[in-house]
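As you go down the protein sequences, you meet chains A and B in turn.
For the first sequence, my numbering gives the first residue as 1, with consecutive numbering after it.
For the second sequence, my numbering gives the first residue as 1, with consecutive numbering after it.
In what follows, a structure is listed as C-alpha cells, so that the remarks can point back to it.
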Amino acid sequence: MKATDVALAIVDTYRGALCVSSLGTATSALRAASDDGPHFYLGAAMGSALAAAMGVAEAVPDRLVIALLGDGELLMGAGALWSVSAYRPGNLIAVVLSDGVYSITGGQQLSTQTRFAAVAEALGGIAGARVETEAELRTALRELGRPSLIEAELSERAWPGPSPFVDPARVRLAFAANVATGGSAR
Amino acid sequence: MPQPPPLAWQVVIADTLTAHGVTVAAYVPDTRLQPILSRLADNDVCLRSLSREEECVGYAAGQRIAGRRPVVLMQSSGLGNALNAIGSLAVPYRLGLPIVVSMRGTLGEANPSQVPLGRAASSLLGTLGIQSFSVRNAAAAEQVTAGVTTLAFEAGECAAVILEAELGGGREGN
C-alpha cells in the first residue's frame, strides 16, 4: 500500500468528505487522489493538521471530516489526540500514513514506534485500528465508530507526484466554497 | 477553588468578542484569562481547552477556513509555542485570527523565567507582520477588542489584544 492508495481509498469511500492533509506526502497524495480537489492542504505548520481537522469538524458538524496525516507530523502534534479524546467530534476520522520516516525532510527515520492506534484506544473515546491492506483500510473507514484513528502501514514508499507547495489563497477559497456549497462545488 | 469575581475589563472583552460574532474560544489556561472564558461560556461561546498554544492556532485555523469566528487566548509564555502555526498557517492562508495574550514577564514580574518571552511578545508578533494592541486600563478594553476582531474577521489579518500587567487580575493579586 502506497500513500496514494490510502488517499484514493478515502476519496472513493467518502466523496463528500472535507479532507485536511498535513504537509509533504499527505498533501501530495490527497492532491493526486482527488485531482486537486477542494480540500484543506497544509503546506507547512508541521504538527498542526489534526488540530486543524478538529476545528473544521466542530465548525461543520454535518459533514464528515478526514485528516490525512504523516506519522512524523502526528508525532509532533500528538497532544491533539488528547483533545480529540476530550471533545470526541463524531464526524472526524484521522488516517495516518505510517512508514516510520520523515519523508519531506529527506527520509530520516523516526526514533520510535508510534503506535498511534493503540494510543488512541488507550485514551478513550477514539476508535483505533491498524491496517496493512487497502481492503482493511476501506473496511475500517466504513465501519469504525467515530472519532477514529486508522494507522495505515505503508509497504512501499513512493512520492505521489503533485507538489506539496500549495497556494494558500487558492486552497482557502476552494475549501470555503466546498464548505459553503455542502460538497457540490469542485 | 472558588473563582474571583470578574473584573470590569474581563467582562467587556468577553462581551465585545461575543458581539463581534465569536462562537468558539481555543485556549491554554491562565489566571487572568479564566474570568474572560467564564463570561464567554455564559454568552454561549464554546470553550476548547487544548493541550498547547500551537494546537489552539491549528484548531482556530480549521474553524476560520470553515467560515466560523474563533478567538485564541494564551499567556505570553505560550506565544513561543504558537509561532510556527501562526507564521506558516494562519498568516500565509490569511485566516485572520484574533489572539488575546495575557502578559507575564513585564511590569512587576517576579519570576525571571517569564521575562524574556514577555519582553519579546509584541516584537515576535510584529516580526510576523501581526499588529498587537495593548490594553492597560478598562476604558480601552472595548475599543481595542473590537478593533482587533475587525482586523481579523473583516480585513483577514491576524491581530492581537495584549493584556498588560497594569490591568491587574493576576495571580499575585496585582
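No residue lacks a Cβ here, since even glycine has one placed at the ideal position from N, Cα and C.
If you're wondering where the values come from, they're calculated on a predicted model, not measured in any experiment.
Contacts with chain A at 8 Å (Cβ-Cβ) include I65 (chain B). Nearest neighbour of V161 (chain B) by Cα position, chosen from B:G108, B:R32, B:I99 and B:I65, turns out to be B:I99. Ranked by how close their Cα comes to the Cα of G72 (chain A), the residues A:F40, A:G107 and A:R172 have A:G107 in first place. Across the set A:M76, A:V65, A:A80 and A:A52, the C-alpha of A:A52 shows the shortest separation from the C-alpha of P70 (chain B). Nearest in C-alpha terms to A176 (chain A), of all of B:I65, B:L40, B:L125 and B:P29, is B:I65. Against chain B, the beta carbon of S48 (chain A) has neighbours under 8 Å at E54, E55, V57, G58, A61, N84, A85 and L89, listed in chain order. Taking 8 Å as the upper bound for CB-CB distance, Y41 (chain A) and T27 (chain A) are in contact here, some 4 Å apart. Assignment of E132 (chain A) by DSSP, reduced to helix, strand and coil, places it in the coil class. Cβ contact annotation for A169 (chain A) (same chain, cutoff 6 Å, sequence separation greater than five): none. Closer than 8 Å at the C-beta level to chain B, one finds these residues of the region 52 to 64 of chain A: A52, A53, M54, G55, V56, A57, E58, A59 and V60.
One alpha carbon belongs to T23 (chain B), the other to E156 (chain A), and they sit about 43 Å apart. For A158 (chain A), no alpha helix (DSSP H) segment is defined, and its DSSP state is neither H nor E.
Residue contact with chain B for F40 (chain A): present (Cβ-Cβ distance below 8 Å to some residue of chain B). E143 (chain A) counts as exposed, since fewer than 16 other beta carbons sit within 10 angstroms of its beta carbon. Just so you know, the alpha carbons of L123 (chain A) and A140 (chain B) end up roughly 43 Å apart.
Interface criterion met: the Cβ of P92 (chain B) is under 8 Å from a Cβ in chain A. Taking a beta-carbon distance threshold of 8 Å, L50 (chain B) counts as an interface residue toward chain A. For chain B, the residues of the region 162 to 185 of chain A that bring a beta carbon within less than 8 Å of one of its beta carbons are P168, A169, V171, R172, F175, A176, V179 and A180, in chain order.
At least one C-beta of chain B is nearer than 8 Å to the C-beta of G79 (chain A).
Here the alpha carbons of G156 (chain B) and G161 (chain A) stand approximately 32 Å from one another. When secondary structure is reduced to three states using DSSP, Y41 (chain A) falls in the strand class.
When DSSP states are grouped into helix, strand and coil, S98 (chain A) belongs to the strand group.
A direct Cα-Cα distance of roughly 35 Å separates E154 (chain B) from R146 (chain A). The C-alpha of A90 (chain B) is placed about 23 Å away from the C-alpha of A19 (chain B). Rounded to the nearest angstrom, the Cβ distance from A14 (chain B) to C56 (chain B) is 17 Å, too far for a contact under 8 Å. Among the residues of chain A, those whose CB is under 7 Å from the CB of R68 (chain B) are A59, following chain order. Residues of the same chain with a CB within less than 7 Å of the CB of S122 (chain B), apart from the 5 flanking positions on each side, are S132 and I162 in chain order. Counting the other CB atoms within 10 Å of its CB gives S111 (chain A) a total below 16, which places it among the exposed residues. Per the coordinates, the alpha-carbon of T105 (chain A) lies some 18 Å from the alpha-carbon of L68 (chain A).
Residues of chain B with a Cβ closer than 8 Å to the Cβ of Y87 (chain A) are, in chain order, R48.
In the three-state scheme derived from DSSP, where H, G and I count as helix and E and B as strand, V22 (chain B) is classed as coil. Classified as buried, N178 (chain A) has 16 or more neighbouring CB atoms from the shown chains inside 10 Å of its CB.
Sorting B:A120, B:G67, B:P116 and B:S38 by C-alpha distance to the C-alpha of R94 (chain B) places B:G67 at the top.
Distance from the CA of L74 (chain A) to the CA of T150 (chain B), rounded to the nearest whole angstrom, comes to 33 Å. S34 (chain A) does not reach chain B, its nearest Cβ partner there being about 17 Å away, counting only Cβ pairs nearer than 9 Å.
Counting only Cβ-Cβ distances below 8 Å, A152 (chain A) has no contacts in chain B at all, with the closest Cβ about 22 Å away.
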